[in-house]
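Down below is the structure, laid out as structure tokens.
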Amino acid sequence: MKRRVVFVSKCMLNTNVMIPTITTPKKYPGNVTEPIVLILNNKVGIEQMECPEKIILGWPRSKTNKTELSKNQEFVKECERIADEVIKKIKDYLKNDVEVSFILGKRGSPSCGFLETHKEINGEVKLVKGSGVFIDILREGMKKEGIDIPIIDFEHEDVDSCLGEIKKKLTNDY
Ligand code: SF4
Numbered sequence: 039m040k041r042r043v044v045f046v047s048k049c050m051l052n053t054n055v056m057i058p059t060i061t062t063p064k065k066y067p068g069n070v071t072e073p074i075v076l077i078l079n080n081k082v083g084i085e086q087m088e089c090p091e092k093i094i095l096g097w098p099r100s101k102t103n104k105t106e107l108s109k110n111q112e113f114v115k116e117c118e119r120i121a122d123e124v125i126k127k128i129k130d131y132l133k134n135d136v137e138v139s140f141i142l143g144k145r146g147s148p149s150c151g152f153l154e155t156h157k158e159i160n161g162e163v164k165l166v167k168g169s170g171v172f173i174d175i176l177r178e179g180m181k182k183e184g185i186d187i188p189i190i191d192f193e194h195e196d197v198d199s200c201l202g203e204i205k206k207k208l209t210n211d212y
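So the sequence shown is numbered by my numbering: it starts at 39 and just counts up by one.
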């Protein structure tokens, strides 16, 4: 069996770092159990990526959006630092024959969303297609290094399809 690892946003393993008033931490106290259990049952290691919002905006914090975060230079720099660290770890794993199966973000997050994020449009915050600030920076960094690893994101209203994506990515590894 191949040695495998995945990278997950910090709140996948610890929903306590999220804004307490949003749905996911209420629905999933502690962690987002199903995807994590699925990964563990497949004998895959888990690397937790740091939470840029908790580091820069603190906890508890107010809701934010991609437009606001993109203008916050301290936040952008922190995302770059975390992304560099993640890329370094990915390179080390690949060099040592450990497969990095995927990266799991949090859909809708202005930082870690992949398929959807929250942005200001005409002064209103809306859920739109596209990734968050951290995932944008991470993707750009991976592209520069020639690293091609799938990114998926967890959505509490779309758990079955998220689990399906994870199963597909883990099965493709063989
Ligand atoms: S910034 Fe990322 S890790 Fe932090 S709570 Fe939001 S989605 Fe989770």
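Backbone N, C-alpha and C fix where the C-beta goes; we use that ideal spot for every residue, glycine too. Quick caveat: nothing in here was measured; it's all calculated off a predicted structure.
Next item on the list: Return the first residue and the last residue of the alpha helix (DSSP H) that K144 is part of.
Entry: Here K144 belongs to no alpha helix (DSSP H); instead the beta strand (DSSP E) covers V136 to K144.
Margin query: Given this structure, state the Cα-to-Cα distance separating K81 from L208, to the nearest angstrom.
Written below: Near 10 Å, if we compare the C-alpha coordinates of L208 and K81.
Margin query: When you compare the CB positions of N84 and I93, do they come within less than 8 Å of one another, or not?
Written below: This sequence places Ile at residue 84; Asn is not what is there. Going by C-beta atoms, I84 is not nearer than 8 Å to I93.
Margin query: Please return the same chain residues whose Cβ sits closer than 8 Å to the Cβ of T61, not counting the five positions on each side in sequence.
Written below: Around T61: H194.
Note to self: In this structure, how does DSSP classify V70 when only helix, strand and coil are distinguished?
What the structure shows: Of the three classes helix, strand and coil, the one that applies to V70 here is coil, per DSSP.
Next item on the list: With a cut-off of 8 Å on the beta carbons, I'd call A121 and G179 a contact; round off their distance for me.
Entry: Rounded to whole angstroms, the Cβ separation of A121 and G179 is 5 Å, and the two are in contact under 8 Å.
Check: Can you list, in chain order, every residue whose CB sits closer than 6 Å to a heavy atom of the ligand SF4?
Finding: Per the Cβ criterion, the list is S47, K48, C49, V55, M56, C89, P90, E91, K92, K144, S147, S149 and C150.
Next item on the list: Check whether the segment 67-76 touches the segment 108-122, counting contact only when three or more Cβ pairs, one atom from each stretch, lie closer than 8 Å.
Entry: In this structure the segment 67-76 does not lie against the segment 108-122, because fewer than three pairs of beta carbons, one per stretch, are closer than 8 Å.
Check: Hey, is the segment 95-106 in contact with the segment 129-141, meaning 3+ C-beta pairs nearer than 8 Å?
Finding: Cβ pair count under 8 Å is below three, so no.
Notebook entry, point to check: According to DSSP, is F152 helix, strand or coil?
Noted result: DSSP places F152 in coil when its eight states are reduced to three.
Notebook entry, point to check: What three-state label does DSSP hand G202 in the structure shown?
Noted result: In the structure shown, G202 falls within a helical segment according to DSSP collapsed to helix, strand and coil.
Note to self: Just to confirm, is the Cβ distance from F192 to K144 under 8 Å?
What the structure shows: The answer is yes: Cβ separation under 8 Å.
Next item on the list: Note down the Cα distance separating K167 from N110, rounded to an integer number of angstroms.
Entry: Between K167 and N110, the C-alpha separation is close to 21 Å.
Check: So, helix, strand or coil for M39, using DSSP?
Finding: In this structure, M39 counts as coil in the three-state DSSP scheme.
Next item on the list: Give me whichever residues DSSP pairs with S47 in a beta bridge.
Entry: Under DSSP, S47 forms a beta bridge with M87.
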